[in-house]
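Student:
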Amino acid sequence: MFCMECYHLSGLLWDAITEMDEHNRPIHTFQVCNVMEPNQNNWLRSNWISRQAAQKVYVELRFTLRDCNSIPWVSGTCKETFNLFYHETDEAHGVKFRPAQYTKIDTIAADESFTQMDLGDRILKLNTEVREVGPINRKGFYLAFQDIGACIALVSVRVYYKKCPFTLRNLASFPDTVPRVDSSSLVEVRGACVDHAEERDTPKLFCGADGDWLVPLGRCVCSVGYEEIDGSCVACRPGFYKAYAGNIKCSKCPPHSFSYGDASAICRCEKGFFRAEKDPPTMACTRPPSPPRNLIFNLNDTCLLLEWSPPSDTGGRRDLTYNVQCKRCGPEPDHCQLCEDELRFLPGPLGLTNATVTVLDFSAHANYTFEIESLNGVSDMSSFPRQVAIITVSTDQGGPSLVGTLKKDWASPNSIALSWQQPEQTTLPIIDYEVKYYEKEHELLSYSSTRTKAPSVIVSGLKPATWYVFSVRTRTAAGYSSYSPKYEYETTGDCNHIIAHLIKFLLNQSFSVFSRCQWYFKAKMTSEDKRRANYQNGHVPFPGIKTYVDPDTYEDPTQAVHEFTKEIDPSRIRIERVIGAGEFGEVCSGRLRTPGKKEIAVAIKTLKGGYVERQRRDFLREASIMGQFDHPNIIRLEGVVTKSRPVMIVVEYMENGSLDSFLRQHDGHFTVIQLVGMLRGIASGMKYLSDMGYVHRDLAARNILVNSNLVCKVSDFGLSRVLEDDPEAAYTTTGGKIPIRWTAPEAISYRKFSSASDAWSYGIVMWEVMSYGERPYWEMSNQDVILSIEEGYRLPAPMGCPVALHQLMLHCWQKERNHRPKFTDIVSFLDKLIRNPSSLLPLVEDIQRYSTEKLFVQYKSNFMAAGYNTLDSVARMSIE
1 MFCMECYHLS GLLWDAITEM DEHNRPIHTF QVCNVMEPNQ NNWLRSNWIS
51 RQAAQKVYVE LRFTLRDCNS IPWVSGTCKE TFNLFYHETD EAHGVKFRPA
101 QYTKIDTIAA DESFTQMDLG DRILKLNTEV REVGPINRKG FYLAFQDIGA
151 CIALVSVRVY YKKCPFTLRN LASFPDTVPR VDSSSLVEVR GACVDHAEER
201 DTPKLFCGAD GDWLVPLGRC VCSVGYEEID GSCVACRPGF YKAYAGNIKC
251 SKCPPHSFSY GDASAICRCE KGFFRAEKDP PTMACTRPPS PPRNLIFNLN
301 DTCLLLEWSP PSDTGGRRDL TYNVQCKRCG PEPDHCQLCE DELRFLPGPL
351 GLTNATVTVL DFSAHANYTF EIESLNGVSD MSSFPRQVAI ITVSTDQGGP
401 SLVGTLKKDW ASPNSIALSW QQPEQTTLPI IDYEVKYYEK EHELLSYSST
451 RTKAPSVIVS GLKPATWYVF SVRTRTAAGY SSYSPKYEYE TTGDCNHIIA
501 HLIKFLLNQS FSVFSRCQWY FKAKMTSEDK RRANYQNGHV PFPGIKTYVD
551 PDTYEDPTQA VHEFTKEIDP SRIRIERVIG AGEFGEVCSG RLRTPGKKEI
601 AVAIKTLKGG YVERQRRDFL REASIMGQFD HPNIIRLEGV VTKSRPVMIV
651 VEYMENGSLD SFLRQHDGHF TVIQLVGMLR GIASGMKYLS DMGYVHRDLA
701 ARNILVNSNL VCKVSDFGLS RVLEDDPEAA YTTTGGKIPI RWTAPEAISY
751 RKFSSASDAW SYGIVMWEVM SYGERPYWEM SNQDVILSIE EGYRLPAPMG
801 CPVALHQLML HCWQKERNHR PKFTDIVSFL DKLIRNPSSL LPLVEDIQRY
851 STEKLFVQYK SNFMAAGYNT LDSVARMSIE
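Residues 1 to 880 (UniProt numbering) are what the sequence shown spells out, left to right.
(1) Using C-beta distances below 7 Å, list every residue in its chain close to D660, excluding the 5 sequence neighbours before and after it, in chain order.
(2) Taking one C-beta from the segment 371 to 378 and one from the segment 403 to 411 each time, how about it: are there three or more such pairs within less than 8 Å?
(3) Quick one: residues in its chain with C-beta nearer than 8 Å to the C-beta of S456, no 5 flanking neighbours on either side, listed in chain order?
(4) With a CB to CB cut of under 8 Å and the five nearest residues on each side skipped, what residues in its chain are close to D212?
(5) Inspect the beta-carbon positions of W14 and V32 and report whether they are closer than 7 Å.
(6) For M626, list the residues DSSP reports as bridge partners.
(7) How close, in whole Å, do the beta carbons of N466 and V459 come, if the pair is a contact with beta carbons under 8 Å?
(8) Which same chain residues, not among the five before or five after T77, have their C-beta less than 7 Å away from its C-beta?
(9) Between the segment 52 to 61 and the segment 92 to 103, do three or more beta carbon pairs fall short of 8 Å?
(10) To the nearest angstrom, how far is the alpha carbon of A284 from that of S259?
(11) Do three or more CB pairs link the segment 614 to 627 to the segment 662 to 672 at distances below 8 Å?
(12) Nearest-angstrom Cα distance between L244 and I266?
(13) Name the one or two DSSP bridge partners that Q337 has.
(14) Between R645, M654, I634, which has its C-alpha nearest M686's C-alpha?
(15) Can you check which of these residues, F384, Q387, C336, P349, is closest to Y368 by C-alpha distance?
(16) Taking Cβ to Cβ, would you say I431 is nearer than 7 Å to T476?
(17) Taking Y41 as the reference, which of N47, A92, N83 has the closest Cα?
(18) For the beta strand (DSSP E) containing W43, list its first residue and its last residue.
(19) Along the chain, where does the beta strand (DSSP E) containing C207 start, and where does it finish?
(20) Using a threshold of 7 Å, state whether the C-beta atoms of M809 and M766 are closer than that.
(21) Which residue marks the beginning of the beta strand (DSSP E) containing Q146, and which one marks its end?
(22) Between the beta-carbon of S690 and the beta-carbon of S788, is there less than 7 Å?
(23) What whole-angstrom Cβ distance do I308 and A355 have, given they're in contact under 8 Å?
(24) Just to confirm, is the Cβ distance from C220 to E188 under 7 Å?
(25) Look at K593 and R577 and say whether their C-beta atoms are less than 7 Å apart.
(26) Locate the alpha helix (DSSP H) running through K832, then write down its first and last residues.
(27) How far does the beta strand (DSSP E) with E563 in it reach, from first residue to last?
(28) Judging by CA-CA distance, which residue of G792, Q387, G261, T286 is the nearest neighbour of P310?
(29) Which residues mark the beginning and the end of the alpha helix (DSSP H) in which S749 is found?
(30) Would you give the residue range spanned by the beta strand (DSSP E) that H28 belongs to?
(31) Relative to the alpha-carbon of I600, which residue among L299, G590, G609, L607 has its alpha-carbon at the smallest distance?
(32) Check W14 in the structure and name its three-state DSSP category.
(33) Kindly indicate which residue of S257, G225, P255 has the alpha-carbon position closest to the one of I248.
(34) Please state whether the Cβ-Cβ distance between L705 and S715 is less than 7 Å.
(35) Is Y653 buried or exposed, if buried means 16 or more other CB atoms sit within 10 Å of its CB?
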């Protein structure tokens, strides 16, 4: 019962009376029974009740009421009902009571009334009535009860509101929630995942008007390393793991793996066992296979067949392959050379899936040693020696030996006469010689051959003034010998050919002069600076060679945009999300629809509002530069939007982002061949730019983008650069400062940018790639970098970097820029490495030496001040 206050406006007051029920238990009641007098108006008011979070409350009344017919001598003034009222207020009113302020809730009648006989037997016939009150908008309210002439005993008053209680559903917790006043509408409540759980679909429940939770939607699942037990996420025990989020149980570690701690996401491999990059965490750890068994050979007159049995231990994997390596040894066992390039292997020397290979074009009277290596998906991850089977084959009964030196006796416009020495060793008579030849420029297209019985031949039907490549092999009853080394000879030119070349040369020169004049008048350069800029990033265009045109040479830069780019209808562009912020505005990903073509993913650079004309010109300058390039290793411009707002540049979308970040995220995940392939793509793109006469000036891994196929593409064009005298000695551009760690010395000191300075930067990019995105020169300041380079210091090879690649880096970092390699040479060199993976041997240099050199560079001044002037002296330092 609440505290009650009685107010008598007419008649008697309500009385607080304690009685005993039929079980002799005390009952506290408020009673009124003035039925003999008319016009009763007796009030009972509760104390002030705070509504708390409720918008609607319920009032439950328990009371007894006397049957008027059981009361003698009542003359019609007896009633069998009373009235219930309420009044909203933000605070208690004290003893003040104004019935006019109260709102009637209902007239309360009894379902069952008692009589005089019931009183004698102390039988209480309790009635229970519940009424809704609301909506309530004030902080609290009063309840009031009006008696108008009834005989009532008010036993209890209970005021409550309904809520949906705190609950856990689908690993999500939902707080206490009060329903809305409108009983037809539900309250949507978003749940919070329990500890160590994460949303799979947003967990939701709906709170109904009766305080019941309805319509569960969504769920949470236990995170990696945790499983669901009794509605909570519990960490996996040692020896168990869970690699994926979900409501699945922890699994026991696969064979040859372990987990020592709780909540393991993956089980680590035992020593000597590994997982390949694409192996799922559920797969057992495996190891490299043992060597092949039972290696045998079968030699006939023309071919050598090698066969072997699979290894006794496959390492627990099915991706078994074999590599064949050949060595040709002289009389001394230590004098052996690789010979894969001399022989033909069917189907090939690498990646064999069957335990057999056929060898052709071997020489007679030679000793060949073949090493058959078993490999599987984790062989590259093991530091143990290669597992090989070895066999030596002598070809004394094989085919004939090679012919001697191939000489050119004479040449004419259409013929070349050749001769050669007969083989020194031959056990069978020579049947004939086969001469193979082809145009040097068409090596990969086709070749021709001719036969002769004599050690000489005249090859006719050739083109004038053309280089040809020749090689010869011998045929005996035992078969063919290997082809001789290749020799290159040129036919002479005839008179008509010379005249034709002269006419072509004059026409080309005339076209070149005409094109240059047309370009000159079109550009209308007005300052010496622009003329110098033209010589820096452009050159005289020759027929058949596309050249770069600097947009700054146009009097109206908009003309360059129209000439070199394609305008895109903005309705064909759908922007999906913001992926970054650029110098001029946001960078977004989206889709581009092209009529008749498949919709493609694109990156969209936008020009923010409020720009000035200079910003718009600088923004579009990069597009007019990119629009001139067409190469698979240069970021492709799809088009621009200049005729509507916002102004946009649309380029192809590169899923893996910048190269430096991509490498850091995938540290150690790639083979050396894959890394060399990335470097080859970058070099190919730079060769294209160099051939067009464009100098990049800011080549760095951060400006190389990577797509989903690991194709690297050069980006970031057209930024103006000014060397500032600031403490960091960095280039300031409209987009920020560019560290000088990638910049050639002559560019820093004299602002001499060229393809040679780009080659220096390419060497730094090589170092970034091989170190998986490590910062060049580590934490050295820019001034220390400049001083170290001037003193001859160059970055050491990253750990595991092949010798050949570090030598190429050092070649790019030659102080004299004319001594640095051209990008044509770099591409050719990398192609040779890719064709001959055995040349990519790791640098023989231990971790201590690498760490010592890195430490010496970072703290050089401290070491020299202490008397340690060389790396060796630092390495010999004692703990003292």
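Built from N, CA and C at the ideal position, the CB exists for glycine as well. Predicted model, so just to flag it, every value in this text is computed and none were measured.
Tutor: Answer, in terms of the structure:
(1) Mapped onto the sequence shown, residue 660 falls at position 660. Excluding residues within five positions, the ones whose Cβ falls inside 7 Å are A701, R702, E768, G773.
(2) Taking one beta carbon from each stretch, the segment 371 to 378 and the segment 403 to 411 have fewer than 3 pairs nearer than 8 Å; the two do not touch.
(3) In the sequence shown, the residue the question calls residue 456 occupies position 456. Result list for S456: D409, A417, L418, S419, W420, in chain order.
(4) In the sequence shown, the residue the question calls residue 212 occupies position 212. Cβ neighbours of D212 beyond the five flanking positions: C164.
(5) Here residue 14 is taken as the residue at index 14 of the sequence shown, counted from 1. Here residue 32 is taken as the residue at index 32 of the sequence shown, counted from 1. It is a contact, given that the beta carbons lie within the stated cut-off.
(6) Within the sequence shown, the letter at position 626 stands for residue 626. According to DSSP, residue pairing for M626 in a beta bridge does not occur.
(7) One-based indexing of the sequence shown puts residue 466 at position 466. One-based indexing of the sequence shown puts residue 459 at position 459. The sequence shown places Thr at residue 466, not Asn. The Cβ separation is near 12 Å, so there is no contact.
(8) Walking along the sequence shown from the start, residue 77 turns up at place 77. Within its own chain, the residues whose Cβ lies closer than 7 Å to the Cβ of T77, once the five positions on either side in sequence are excluded, are V35, M36, E37, P38, G149, listed in chain order.
(9) Flag = no, the segment 52 to 61 and the segment 92 to 103 do not touch.
(10) The residue given as residue 284 occupies position 284 in the sequence shown. The residue given as residue 259 occupies position 259 in the sequence shown. Cα-Cα distance, rounded: 13 Å.
(11) With a cut-off of 8 Å, the segment 662 to 672 and the segment 614 to 627 do not count as touching, because too few Cβ pairs lie within range.
(12) As a position in the sequence shown, residue 244 is number 244, starting the count at 1. As a position in the sequence shown, residue 266 is number 266, starting the count at 1. It should be pointed out that residue 244 corresponds to Tyr in this sequence rather than to Leu. Rounded to whole angstroms, Y244 to I266 spans 9 Å at the Cα level.
(13) Counting from 1 along the sequence shown, the entry for residue 337 is found at position 337. Paired residues: R328.
(14) Locating residue 686 in the sequence shown gives position 686, counting from the first residue. Distances from the alpha-carbon of M686 to those of R645, M654, I634 put I634 closest.
(15) Here residue 368 corresponds to residue number 368 of the sequence shown, with the count starting at 1. The option with the nearest alpha carbon to Y368 is C336.
(16) Along the sequence shown, read from residue 1 onward, the residue named residue 431 stands at position 431. Along the sequence shown, read from residue 1 onward, the residue named residue 476 stands at position 476. With contacts defined as CB atoms closer than 7 Å, I431 and T476 qualify as a contacting pair.
(17) Within the sequence shown, residue 41 is the residue found at index 41, counting from 1. Going by the sequence as given, residue 41 is Asn instead of Tyr. Of the residues N47, A92, N83, the one whose Cα lies closest to the Cα of N41 is N83.
(18) On the sequence shown, position 43 is the one that residue 43 refers to. DSSP places W43 inside the beta strand (DSSP E), whose first and last residues are 41 to 46.
(19) Stepping through the sequence shown from its first residue, residue 207 is reached at position 207. C207 -> beta strand (DSSP E) spans 197 to 207.
(20) Residue numbering aside, residue 809 sits at position 809 when the sequence shown is read from its first letter. Residue numbering aside, residue 766 sits at position 766 when the sequence shown is read from its first letter. Cβ distance < 7 Å, so M809 and M766 count as in contact.
(21) Counting from 1 along the sequence shown, the entry for residue 146 is found at position 146. Here the beta strand (DSSP E) through Q146 covers 140 to 147.
(22) Taking the sequence shown and counting its residues from 1, one reaches residue 690 at position 690. Taking the sequence shown and counting its residues from 1, one reaches residue 788 at position 788. No, they are not a contact pair.
(23) Your numbering for residue 308 matches position 308 in the sequence shown. Your numbering for residue 355 matches position 355 in the sequence shown. Inspection of the sequence shows that residue 308 is occupied by Trp rather than by Ile. Indeed, because the Cβ distance is near 5 Å, the residues count as touching under 8 Å.
(24) Start at 1 with the first residue of the sequence shown, and residue 220 comes out as number 220. Start at 1 with the first residue of the sequence shown, and residue 188 comes out as number 188. Taking 7 Å as the Cβ cut-off, C220 and E188 do not qualify as a contacting pair.
(25) As a first step, residue 593 is located in the sequence shown; it is residue number 593 there, counting from the start. As a first step, residue 577 is located in the sequence shown; it is residue number 577 there, counting from the start. The residue asked about is misnamed: residue 593 is Arg in this sequence, not Lys. Going by C-beta atoms, R593 is not nearer than 7 Å to R577.
(26) As a position in the sequence shown, residue 832 is number 832, starting the count at 1. Where K832 is concerned, the enclosing alpha helix (DSSP H) stretches over 823 to 835.
(27) Position 563 of the sequence shown, counted from the start, is the residue given in the question as residue 563. Unbroken run through E563 is the alpha helix (DSSP H), 557 to 564; no beta strand (DSSP E).
(28) Position 310 of the sequence shown holds residue 310. With distances taken between CA atoms, P310 lies nearest to Q387 out of G792, Q387, G261, T286.
(29) Counting from 1 along the sequence shown, the entry for residue 749 is found at position 749. That run of the alpha helix (DSSP H) goes 745 to 750.
(30) Locating residue 28 in the sequence shown gives position 28, where the first residue counts as 1. In this chain, the beta strand (DSSP E) harbouring H28 covers 26 to 33.
(31) Here residue 600 is taken as the residue at index 600 of the sequence shown, counted from 1. Selected option, being the one with the closest Cα: G590.
(32) The sequence position of residue 14 within the sequence shown is 14, counting from 1. Reduced to three states, the DSSP call for W14 is coil.
(33) In the sequence shown, the residue the question calls residue 248 occupies position 248. Distances from the alpha-carbon of I248 to those of S257, G225, P255 put G225 closest.
(34) Mapped onto the sequence shown, residue 705 falls at position 705. Mapped onto the sequence shown, residue 715 falls at position 715. Yes, they are a contact pair.
(35) If you number the sequence shown from 1, residue 653 lands on position 653. Counting C-beta atoms within 10 angstroms of its own C-beta, Y653 has 16 or more neighbours from the protein chains shown and is therefore classed as buried.
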